[in-house]
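J.:
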Amino acid sequence: MADHPSEPPSKRKCLGADCGNDAEALQCPTCLKMGMSDSYFCSQDCFKRNWTQHKLHHKAAQGKTQNGITHHIIPPRVGSKPDPVTGFYNPFPTYSFTGPVRPVYPLSAMRTVPKSIARPDYAETGISKSERRLDRAKVDILDAKGQEAMRKVCRLARQVLDIVAAELKPGVTTDYLDERILLGGDILNLDISLYHEGYHADVNETYYVGDRAKADPDSVRVVETARECLDKAIKLVRPGTPIREFGNVIEKHAKSRNCSVVATWGGHGINTNFHPPPWIPHYGQKHTLLVTETGVEVLTAANENSPGGPVPMPTPTNGSAKTNGASKA
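Numbering (the UniProt record's numbering), first residue to last: 1 to 329.
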């Protein structure tokens, strides 16, 4: 154990799973070498007693756990009451989480937007009065000016998405959501919404964090299946196509890859309002499409130099799924 008396963890609790004592200025030396903070214990004996469980955190951070799954099942220690040193806390302590990611409050301060920049009507309250007045059976048809405005705002949204995606790598924190660092093997969805000159853009994409994520068959299967579903649906977009056809194609392909469609969510129209009609069956990644008499334009399509992109789908080999030379039984 490393002793750092100059940096006492005032009123911290010991990390020992079976211990409720206050921690001393004793930290795990491996955690210190790896740059992992807050690994305080109350004594050498407590540290030794919890070593078998504690060292799994090291393996998770290194992305070297068996089958690459340990970091999905070991939750971080985020209490329901504010930490006396950091002030961090979990606002939903009784929620049954399925993985290690936890909300860590308080969030970063909201950035100030200059008053000279126009805001949508929901900017302050989160409620759009204009959308509440919409006729849900009517789909707005954009004129030439509106179509060009949508091209511009969607182009800007794609640029923002690409800028953020270029920074994704193991060790980076998401900051705005929680203080959890990104680990090799994670997959991360970025969702960018942009409002410019009265029009909205909405684009998201899922990215692999590190090479380990690209070598995980299950991660690749779900991400690439969503990508394929999106591509198949876009091919159907033209005047006269029944909206129900998108869901039929998406669900059929998802099931063929042993995936399922989340029916709770769905795509939507977008223009001067953020969520106007029509309602579109859900798919995993989304673009903003402009339907014209001649076909469809993918306004938020990736550019040649955009980060991310597809990786080879894993193929079963003697009971194991292989991807990029890696296998998982």
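Heads up, the beta-carbon is just placed ideally off N, CA and C, and yes, glycines get one too.
Use the C-beta contact count for Phe-41: other C-beta atoms within 10 angstroms, 16 or more gives buried, fewer gives exposed.
T.: By the neighbour-count rule (16 or more Cβ atoms within 10 Å), Phe-41 is buried.
J.: Could you name the residues that DSSP lists as bridge partners for Tyr-89?
T.: Answer by DSSP bridge pairing, in chain order: Tyr-105.
J.: Where does Thr-70 fall in DSSP's three states?
T.: Here the model assigns Thr-70 a pLDDT of 44, short of 50, so the residue's position is not dependable and the matter cannot be decided.
J.: Which residues share a DSSP beta bridge with Ile-280?
T.: In the DSSP output, where bridge partners are listed per residue, Ile-280 has Gly-267.
J.: Label Arg-133 either buried or exposed according to how many other C-beta atoms from any shown protein chain fall within 10 Å of its C-beta, with 16 as the threshold for buried.
T.: Arg-133 is exposed by the Cβ-count criterion.
J.: Can you find the residues in the same chain that come closer than 7 Å, C-beta to C-beta, to Pro-310, ignoring five residues on each side of it along the sequence?
T.: Around Pro-310: Glu-224 and Arg-227.
J.: Closest to Cys-19 by C-alpha separation, out of Ala-302, Gln-44 and Asp-83, would be which residue?
T.: With distances taken between Cα atoms, Cys-19 lies closest to Gln-44.
J.: Excluding five sequence neighbours on each side, which residues of the same chain lie with their C-beta closer than 7 Å to the C-beta of Leu-142?
T.: Same-chain partners within the cutoff: Met-150 and Asn-271.
J.: Name the residue from Gly-99, Val-104 and Pro-100 whose alpha carbon lies nearest to the alpha carbon of Gly-87.
T.: Cα-wise, what sits closest to Gly-87 is Val-104.
J.: Using the Cα positions of His-72 and Val-222, report the straight-line distance between them to the nearest angstrom.
T.: Annotation note: pLDDT 44 at His-72 (below 50); position unreliable, coordinate value reported separately. Going from the Cα of His-72 to the Cα of Val-222 covers about 16 Å.
J.: Is DSSP giving Asn-248 helix, strand or coil here?
T.: Reduced to three states, the DSSP call for Asn-248 is helix.
J.: For the beta strand (DSSP E) that Ile-192 lies in, which residues bound it at each end?
T.: Ile-192 -> beta strand (DSSP E) spans 187-196.
J.: So the candidates are Glu-297, Val-298, His-268 and Pro-314; which of them puts its Cα closest to the Cα of residue 381?
T.: Here the chain has residues from 1 to 329 only, and residue 381 is not among them.
J.: With burial defined as no fewer than 16 other Cβ atoms inside 10 Å of the residue's Cβ, what is the status of Phe-274: buried or exposed?
T.: Under this definition Phe-274 is a buried residue.
J.: Among all the DSSP beta bridges, which residues are the ones paired with Glu-297?
T.: Answer is Leu-290, bridged to Glu-297.
J.: Would you call the segment 248-259 and the segment 230-239 touching, i.e. three or more CB-CB distances under 8 Å?
T.: With the cut-off at 8 Å, the segment 248-259 and the segment 230-239 touch.
J.: Leaving aside the five residues before and after Pro-278 along the sequence, list all residues of the same chain whose C-beta is less than 8 Å from its C-beta, in chain order.
T.: So the list reads Val-139, Ile-243, His-268 and Gly-269, once near-sequence residues are dropped.
J.: Just mark Ser-96 as buried or exposed, buried being the case when its beta carbon has 16 or more other beta carbons within 10 Å.
T.: Ser-96 comes out exposed.
J.: When you compare the CB positions of Val-203 and Ala-254, do they come within less than 8 Å of one another, or not?
T.: No; because the gap between Cβ atoms is not below 8 Å, this pair is not in contact.
J.: Give the DSSP-derived three-state secondary structure of Glu-205 in the structure shown.
T.: DSSP places Glu-205 in strand when its eight states are reduced to three.
J.: How would you label Gln-66, buried or exposed, when you count the other beta carbons within 10 angstroms and need 16 or more for buried?
T.: Low per-residue confidence applies at Gln-66: pLDDT is 39, beneath 50, and the placement is therefore not dependable, though the value from the model is reported in the following sentence. So Gln-66 ends up on the exposed side.
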